[in-house]
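Contents: one structure, followed by commentary.
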Ligand code: GLA
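In this note's numbering, the protein residues as written are 955 to 1352.
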């Protein structure tokens, strides 16, 4: 059964009312530009074919009910109670439900500003985005919920506004202090293209990736080491970046260039300096990757992917041994470039690999994990795919 069908049949467990439709939004892989988004910097992610689907039926009262493939027990709240729950009492809501309910809350805050009246809804969510793999299953839930509710509630928000709604849900309803990269990728992704995003202006350029024309595949190596950005390391890294920007007297690390680094080194402690150096050099690597891709195609960006990983491992210190093993093994087995992707502390690494080498690289990585005594990794290819949308009508027949 497809995830869209699962969402429709889950909806049947809530209501007999006909579905108004199904909507879906993708997870993402970040090609390059890690921990640069909340520093007002540059990122270059793409949407993947794994998606979260959502089926929706309007109600004739003002309650919202959600059910999902993560948990069979529905969660039910008065729409008017959302503003009491978020952010202060979010702990009363089971974690998975904070994503869709948080989006409903953030959208209602926008609707309040425009005076739009909204109806209650039943929502059913099913996902084929691996959870905890660093592929942004959370942005996929937020994106699917945002496009569905925006349409049914007639809010007419644009894609960037919907991405902001997703980030607000993640920051305030879930409590993860993340940036806006994942939501923008999930909203704006296009087939065979990356989303080059300036996280200060939120200007985007869709850049053709051309992996398959160049005979390349993008391999994801999910280490199965799970992580959560609402705890610990992510927030600490963010705080270090803010400290570094303050010491340097700039609004955000985006405002520093590589040539500012020697001065930064004299002004701050070693750990803060290395956090700053990662962000400043990573911003430059994003710009270089986009330029190089445009000028010479995807085979030219391998060295930048490798350098990004080294910077995250040694300066930002967000890698784990499983990610390093995946990256090193893939490189030694012939990948053009490899790096961990996403927030770190677990999740997945990516490798750009010649199509004919995919079975070999996969086998070698699996063997290396077995020899190291690690859990078997989940290794698969992804295709740059389209962003959040209403699904084709045939999928919504109920
Ligand atoms: C997570 C966050 C993003 C971004 C990345 C690191 O995926 O959700 O906003 O900060 O980590 O690049």
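Even glycine gets a Cβ: it sits at the ideal position worked out from N, Cα and C.
None of these values were measured; they are calculated from a predicted model.
Below 9 Å between beta carbons: does that hold for residue 1211 and residue 1234? Annotated as proximal: residue 1211 and residue 1234, with beta-carbon spacing under 9 Å.
In the DSSP assignment, find the unbroken beta strand (DSSP E) run with residue 1140 in it and report its ends. Going by DSSP, residue 1140 is part of no beta strand (DSSP E) but of the alpha helix (DSSP H) stretching over 1135-1142.
Tell whether a beta-carbon distance below 9 Å holds between residue 986 and residue 1259. Contact annotation: residue 986 and residue 1259 have beta-carbon atoms nearer than 9 Å.
I think residue 1256 touches residue 1306, with their Cβ atoms under 8 Å apart; what is that distance to the nearest whole Å? Rounded, the Cβ-Cβ distance is 6 Å, consistent with contact.
In terms of residues, what are the limits of the alpha helix (DSSP H) holding residue 1125? Unbroken run through residue 1125: none, as it is neither H nor E.
Quick one: grab the DSSP three-state call for residue 996. Looking at residue 996 - three-state DSSP - the assignment turns out to be strand.
CB-CB under 7 Å to residue 993, same chain, minus the five flanking residues each way: which ones, in chain order? Within the same chain, 1195, 1206, 1207, 1208, 1233 come within 7 Å of residue 993 by CB-CB distance, once the 5 residues on both sides are set aside.
Comparing alpha-carbon positions, which option in 1292, 1318, 1134, 1249 lies nearest residue 1121? Taking only the C-alpha atoms, the option nearest residue 1121 is 1134.
Cβ neighbours of residue 1049 in the same chain (closer than 8 Å, five flanking residues each side left out): Excluding sequence neighbours, residue 1049 sits near 1128.
Between the CA atoms of residue 1250 and residue 1334 - distance to the nearest angstrom: Taken atom to atom, the span from the alpha-carbon of residue 1334 to that of residue 1250 is near 26 Å.
Is residue 1237 near the ligand SAH - that is, is its Cβ less than 8 Å away from at least one heavy atom of it? Because the ligand SAH does not appear in the structure shown, any question about it cannot be addressed here, the ligands present being the ligand GLA.
Roughly how many whole angstroms lie between the Cα atoms of residue 1009 and residue 1287? Their Cα atoms are separated by approximately 43 Å.
Can you give me the C-alpha to C-alpha distance between residue 1190 and residue 1136, rounded to a whole angstrom? Straight-line Cα distance between these residues: approximately 20 Å.
In terms of residues, what are the limits of the beta strand (DSSP E) holding residue 1026? 1025-1032 is the span of the beta strand (DSSP E), which, as asked, contains residue 1026.
Residues around the ligand GLA, please: the condition is that the C-beta lies closer than 5 Å to some non-hydrogen atom of it. Result (chain order): 988, 989, 991, 1132, 1133, 1135, 1136, 1296, 1297.
Could you check the C-alpha separation between residue 1331 and residue 1015 for me, to the nearest Å? Residue 1015 has its alpha-carbon roughly 46 Å from the corresponding atom of residue 1331.
Which one of 1347, 1271, 963, 1187 has the shortest CA to CA distance from residue 1078? Ranking 1347, 1271, 963, 1187 by Cα distance to residue 1078 puts 963 first.
Buried or exposed: where does residue 1027 fall if 16 or more other Cβ atoms within 10 Å of its Cβ makes it buried? With fewer than 16 Cβ atoms within 10 Å of its Cβ, residue 1027 is classed as exposed.
Same chain, Cβ closer than 8 Å to residue 957, five either side skipped, listed in chain order: Hits under 8 Å: 978, 1005, 1006, 1007, 1023, 1080, 1081, 1082.
Would you call the CB atoms of residue 1215 and residue 996 closer than 9 Å? Going by C-beta atoms, residue 1215 is not nearer than 9 Å to residue 996.
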